[in-house]
Every structure is written in structure tokens, then in C-alpha cells.
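*Asks:* Have a look at this one before I ask anything.
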Amino acid sequence: MIKKTLTAVGIAGVLVLGGSSAAFAGYASDVDVTADDVTLTPGQATVITANNVDGTTTFSTSGVGVSENTLTSISFAAAVASDTAVKEAGDDRTAQATFTAPTAGGTYLITVTDEDGDTDAIQITVAAASTGGGSGSGTGGSLPATGGDAVPAAAIWLGAGAVGLGGIAVTAAVARRRAAASNR
Numbered sequence: 094m095i096k097k098t099l100t101a102v103g104i105a106g107v108l109v110l111g112g113s114s115a116a117f118a119g120y121a122s123d124v125d126v127t128a129d130d131v132t133l134t135p136g137q138a139t140v141i142t143a144n145n146v147d148g149t150t151t152f153s154t155s156g157v158g159v160s161e162n163t164l165t166s167i168s169f170a171a172a173v174a175s176d177t178a179v180k181e182a183g184d185d186r187t188a189q190a191t192f193t194a195p196t197a198g199g200t201y202l203i204t205v206t207d208e209d210g211d212t213d214a215i216q217i218t219v220a221a222a223s224t225g226g227g228s229g230s231g232t233g234g235s236l237p238a239t240g241g242d243a244v245p246a247a248a249i250w251l252g253a254g255a256v257g258l259g260g261i262a263v264t265a266a267v268a269r270r271r272a273a274a275s276n277r
């Protein structure tokens, strides 16, 4: 029983933590992604262009400050999420989407996948937002990060699953002891 449980937990962990590795397998792709500007300030927008794409083309990103807003651009708010913009490639095999930088500084990976499954990616760097110059007036800027966005969702689900399995194991052990006590 314990071997089966440990095997199930191991398989679940591999699926949760290793699920996205196949998406980044190293194979040749003819998709070429460029950006008008790869270093942005908060609120600044840049056009992401995908060349050599076929049919429906998906632009996607995730990270701190990403929220789902519109299919015409990849826009941002104050949460950790992802956004996808779906575009149809033109006769020139080109598709474009607009990336608007969030207030959270950092590096954002925009991945482009065409209808054939060919993919490419580009990194956009966003400078940290200015906090108002430190005049001591208390106006402008934002609160410092508190670490609330530091735990990935996969780790939370893995923890919740471990607690659930622990509860099942305790319940099974109590039931087994009661059954053994009643058989005496």
C-alpha cells in the first residue's frame, strides 16, 4: 500500500513540476521573433513581430504583473498570471502583437507558436518602476515587495496534495487500528 502511494506521489510530482519541459524541447523552428525595443520602462509598449509563421499564431507571456486583458495586446496589472494574444498570419507570413511593460521590473519571455507548432521566443527587460526620488514626502512610488509573489503555483498545489495524502494516510491508519481492535 505504501509503495503504491509513494509511486503515485512521485508520478504526481513529476507531472506538476516537469510538465512544461516538453514545450521547450530543442528542435529547429523557422519562426523568427523580433521586437522594436527589448529594454522598456514601466508602461512603455513595443511591437513584437513574428516572421515565417503559418496560420493562427499565438503570442504568450507570464510573470509578475501579467493579467489577461485583450487579444490585441499583452497588457499588465498587479498579479502573477499569463496572457495570450492570438493573431492570424498575413500573406507575408508575419504576425504582430503589442507588449506593454508592467510596473514590476524584470525579464519577460514572450513565446510565439504558429499553427504548425513551430515556436520561438524573445526576452524583454523592464526597468524597475521609479519610487519618486526619496524626498521623504511619502507620495509617489509604491510599496516594497513583501514576497507574496515568491511561491509558484505548482509548489502550492504540490503542498496541498501532500497535505491531502497525509490526511488520507492518517484516516487509513486509524481505520486499520479500529478494525484490528474490533477483531480481538
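Going by the numbering used here, the residue at position 10 of the sequence shown is 103; the numbering climbs one at a time, nothing skipped. Cβ atoms here follow ideal geometry from the backbone N, Cα and C, with glycine treated the same way.
Taking L133 as the reference, give the member of V256, D213, G198 and T264 with the closest Cα.
*Replies:* Nearest C-alpha to L133: G198.
*Asks:* Drop a sphere of 10 angstroms on the beta-carbon of D176, count the other beta-carbons inside from all chains shown, and report buried for 16 or more, exposed for fewer.
*Replies:* It is buried - the Cβ of D176 has at least 16 other Cβ atoms within 10 Å.
*Asks:* Compare the C-beta of D176 against all C-beta atoms of chain D and say whether one is closer than 9 Å.
*Replies:* Reference to chain D is not applicable here, since this structure consists of a single protein chain.
*Asks:* Am I right that D130 and T139 are in contact with their C-beta atoms under 8 Å? What's the rounded C-beta distance?
*Replies:* Contact holds; Cβ gap of about 5 Å.
*Asks:* Taking S123 as the reference, which of T98, L202, D209 and P135 has the closest Cα?
*Replies:* It should be noted that the sequence gives Asp, not Ser, for residue 123. Taking only the C-alpha atoms, the option nearest D123 is D209.
*Asks:* Spatial neighbours of Y201 within its chain, please: CB distance less than 6 Å, with the 5 preceding and 5 following residues excluded, ordered by chain position.
*Replies:* The residues are T154, G156 and I217.
*Asks:* Using the C-alpha atoms, what's the distance from N144 back to T212?
*Replies:* Roughly 11 Å separates the two Cα atoms.
*Asks:* Verify whether the separation of the beta carbon atoms of T149 and V205 is less than 9 Å.
*Replies:* It is not a contact, given that the beta carbons lie outside the stated cut-off.
*Asks:* With the cut-off set at 9 Å, would you say A188 and D207 are in Cβ contact?
*Replies:* Against a cut-off of 9 Å, the Cβ pair of D207 and A188 comes out as a contact.
*Asks:* Taking N146 as the reference, which of R186, P135, T127 and K96 has the closest Cα?
*Replies:* Just to set this straight, residue 146 is Val in the shown sequence, not Asn. Closest option to V146, Cα to Cα, is R186.
*Asks:* What is the DSSP secondary structure of T134, reduced to helix, strand or coil?
*Replies:* Residue state, collapsed to three classes: coil.
*Asks:* Measure the Cβ-Cβ separation of G136 and T193 and say whether it is below 9 Å.
*Replies:* The answer is yes: Cβ separation under 9 Å.
*Asks:* Which residue from L258, E181 and G252 puts its Cα closest to that of T100?
*Replies:* When only C-alpha atoms are compared, the closest one is L258.
*Asks:* Measuring straight from C-alpha to C-alpha, what distance separates A265 and G103?
*Replies:* Roughly 20 Å separates the two Cα atoms.
*Asks:* Going straight from the alpha carbon of P195 to that of A262, what length do you get?
*Replies:* The alpha-carbon atoms of P195 and A262 are separated by roughly 44 Å.
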